[in-house]
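Read through the structure below, which is laid out as structure tokens, and then see the notes.
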Amino acid sequence: MTSRQIDLSQRALACEGDTNTSSARVRWTTSISDRQTQTLLEEDSQYFLHQAMSTPCLDALESAEGIYLTDVAGKRYMDFHGNNVHQLGYGHPEILDAIQTQLAKLPFAPRRFTHQTAVDCARELTRIAGGELNRVLFAPGGTSVVGMALKLARYITGNPKVVSLWDAFHGASLDAISVGGEACFREGMGPLMAGVERIPPPVRYRGAFPRDDDSDVHYADYLEYVIEKEGGIGAFIAEGVRNTDVQVPSQAYWQRVRDICDRHNVLLIMDDIPNGMGRSGHWFTHQAFGIEPDILCIGKGLGGGVVPMAAMLTKDKYNSATQISLGHYTHEKSPIGCAAALATIRVIEQQQLLLKVRRDAIYMAERLEAMKARLPVIGDIRGIGLLWGIELVEDRETKVRAYDAAEQVMYRCLARGLSFKVSQGNVLQLSPPLIITREELALAMDWLEDAIESVCKRVN
């Protein structure tokens with residue numbers, strides 16, 4: 001098999017992130033001259049079980065602070081990826097202080113006990129969620145929360161079937177990939193959880209059912225069609241905004257979905273694990289669309305970029321599964337996780353980061369649209385708050401994905417000191433910390449524009 005054929009086969013799996021085994025990644029790795037970095041990369045490959053999108057690693061890190069990652073050779077990267085845990089950047093002093101204070105007092109709480117930090121955290125989450133979302137369960141990670149939500153929906157409705165969206169990501173466990181829509185996670189896994197019906201997502205740029213008027217409400221109509229034809233549907237699970245390649249549905253779409261779920265007694269589960277805690281310019285993404293889910297899943301940034309922490313929020317009327325264990329996790333009411341979450345909420349409010357993010361969104365939209373007008377390789381710009389996707393194409397009419405260009409841009413930016421991921425093989429996904437300054441944001445966009453322009457000239 002040629003290197004070109006290998007690259008093409010890898011692109012079929014480039015759904016959630018960039019490909020670690022392409023020829024471009026090999027060239028990047030061999031270009032690293034620092035011996036300590038090479039030694040660490042070799043040891044990582046020797047001791048860790050290999051898996052897609054993690055092996056081989058990109059670089060070896062020494063430290064992280066604010067919006068920056070620093071490798072063992074001293075190179076700094078602005079981190080516009082962060083696995084979506086870095087709303088407040090890295091090592092935020094108030095988060096670290098809260099964790100250290102909690103460690104000194106109550107580092108762990110066995111499951112049968114409660115404590116003030118957990119109660120305070122649950123109360124604060126219900127406050128910022130608003131509406132009827134006033135019941136909480138904690139878990140160590142987002143995938144676990146999705147599992148709890150699916151179990152609760154089955155119990156409440158008595159219907160085990162679930163509708164989800166193609167290309168969605170809800171976690172990597174067997175139940176999560178069963179409702180997920182990315183083939184790269186189901187590859188070679190055999191039979192998964194039964195009763196899952198997937199439907200096309202509301203994608204306007206290259207969607208399954210495009211419309212000349214750029215509308216997306218008809219994708220919600222297809223949800224109703226499946227609910228009526230299939231029967232036994234207990235839940236519809238979806239991200240408010242798809243994080244990986246940044247697909248932003250319209251408010252009309254989500255309001256139509258809410259109406260359909262209400263009329264058919266289907267619970268709406270919204271997965272806001274990557275985008276919650278302010279990335280949309282709202283505490284939670286559904287608030288940007290003027291609706292409320294029946295079950296809300298949050299995580300990642302909830303732990304302040306330090307502690308694995310996630311939560312499921314639901315309504316008081318669904319507090320009826322008292323005879324079963326929805327979660328029952330060892331770290332279910334983690335004192336340090338709850339302390340980190342409380343500090344995260346406090347910092348976001350004190351620094352007025354939700355307002356800042358909405359202002360940054362205006363700057364990003366204007367800057368990226370100006371790039372698109374000037375650079376023909378950019379086919380589409382889409383985003384919300386501080387989450388943006390730049391889709392690169394070989395031709396704007398055919399919309400053929402520009403895989404090579406996307407990789408070239410990513411590695412040119414990495415060389416300058418800007419890290420982000422590529423999704424679907426051709427979408428540059430930008431997800432900076434919410435604390436980023438306007439000057440830092442402008443510098444990152446300068447580097448990105450230079451990289452895209454240089455690739456355009458090379459292609460032409």
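With this note's numbering applied, the sequence shown corresponds to residues 1 to 460, in that order.
Ideal placement from N, C-alpha and C gives every residue a C-beta, glycine not left out.
- Task: Compare the Cα-Cα distances from residue 203 to each of 274, 389, 332, 96 and report the closest residue.
- Result: The residue you call residue 203 lines up with position 203 of the sequence shown. The residue with the shortest Cα to Cα distance from residue 203 is 389.
- Query: In the DSSP assignment, what residue or residues form a beta bridge with residue 38?
  - Reply: Within the sequence shown, the letter at position 38 stands for residue 38. Answer by DSSP bridge pairing: none, since residue 38 is not bridged.
- Name the two residues that bound the continuous alpha helix (DSSP H) containing residue 143. Within the sequence shown, the letter at position 143 stands for residue 143. Start and end: 142-157.
- Burial state of residue 410, where buried means 16 or more other Cβ atoms lie within 10 Å: For the purposes of this step, residue 410 is identified with residue 410 of the sequence shown, where counting begins at 1. By the neighbour-count rule (16 or more Cβ atoms within 10 Å), residue 410 is buried.
- Just how far apart, CA to CA, sit residue 67 and residue 340? Within the sequence shown, the letter at position 67 stands for residue 67. Within the sequence shown, the letter at position 340 stands for residue 340. Residue 67 and residue 340: Cα-Cα distance of roughly 18 Å.
- Look up residue 227 in the DSSP assignment and say whether it is helix, strand or coil. Walking along the sequence shown from the start, residue 227 turns up at place 227. Three-state result, residue 227: helix.
- Query: When you compare only the Cα positions, how much space is there between residue 288 and residue 423?
  - Reply: The residue given as residue 288 occupies position 288 in the sequence shown. The residue given as residue 423 occupies position 423 in the sequence shown. C-alpha separation (whole angstroms): 24 Å.
- Query: Would you say residue 102 and residue 335 are within 7 Å of each other, going by their C-beta atoms?
  - Reply: Locating residue 102 in the sequence shown gives position 102, where the first residue counts as 1. Locating residue 335 in the sequence shown gives position 335, where the first residue counts as 1. Yes, the pair counts as a contact, with Cβ atoms nearer than the cut-off.
- Task: Assign residue 309 to one of three DSSP states: helix, strand, or coil.
- Result: Position 309 of the sequence shown, counted from the first residue, corresponds to residue 309. Residue state, collapsed to three classes: coil.
- Item | Given residue 438 as reference, the closest of 362, 42, 225 once Cα atoms are compared | Here residue 438 refers to the residue found at position 438 when the sequence shown is read from its first residue. Answer by Cα proximity: 362.
- Message: Going by C-alpha to C-alpha distance, which of 293, 254, 83 sits closest to residue 133?
- Response: Locating residue 133 in the sequence shown gives position 133, where the first residue counts as 1. Scanning 293, 254, 83 for the CA closest to the CA of residue 133 turns up 293.
- Can you tell me whether DSSP reads residue 88 as helix, strand or coil? Residue numbering aside, residue 88 sits at position 88 when the sequence shown is read from its first letter. Three-state result, residue 88: coil.
- Should residue 280 go down as buried or exposed, given a rule of 16 or more other Cβ atoms within 10 Å for buried? On the sequence shown, residue 280 is found 280 positions in, with the first residue counted as 1. Buried.
- Query: Three or more beta-carbon pairs under 8 Å between the region 137-145 and the region 308-318, yes or no?
  - Reply: The region 137-145 is in contact with the region 308-318.
- Where residue 60 and residue 158 are concerned, what is the direct C-alpha to C-alpha distance, given to the nearest angstrom? As a first step, residue 60 must be located in the sequence shown, where it is residue number 60. As a first step, residue 158 must be located in the sequence shown, where it is residue number 158. So the two alpha carbons sit approximately 49 Å from each other.
- Item | residue 77 - partner residues in DSSP beta bridges | Residue numbering aside, residue 77 sits at position 77 when the sequence shown is read from its first letter. Paired residues: 69.
- Could you pull out every residue in the same chain whose Cβ sits closer than 6 Å to the Cβ of residue 452, ignoring the five residues on either side in sequence? Locating residue 452 in the sequence shown gives position 452, where the first residue counts as 1. Hits under 6 Å: 375, 409.
- By how many angstroms is the C-alpha of residue 245 removed from the C-alpha of residue 197? Against the sequence shown, residue 197 aligns to sequence position 197. Against the sequence shown, residue 245 aligns to sequence position 245. If you take the alpha carbons of residue 197 and residue 245, they lie about 22 Å apart.
- Query: Name the DSSP beta bridge partners of residue 138, please?
  - Reply: For the purposes of this step, residue 138 is taken as the residue at position 138 of the sequence shown. According to DSSP, which records beta bridges pairwise, residue 138 is partnered with 311.
- Item | Residue interval of the alpha helix (DSSP H) (run including residue 197) | On the sequence shown, residue 197 is found 197 positions in, with the first residue counted as 1. Premise fails: residue 197 lies in the beta strand (DSSP E), 196-199, not in any alpha helix (DSSP H).
- For residue 368: DSSP bridge partner residues: Residue numbering aside, residue 368 sits at position 368 when the sequence shown is read from its first letter. Bridge partners of residue 368: none, in fact.
- Where do the N-terminal and C-terminal ends of the beta strand (DSSP E) with residue 163 fall, by residue? Counting from one through the sequence shown, the residue named residue 163 turns up at place 163. Element bounds for residue 163: 161-165.
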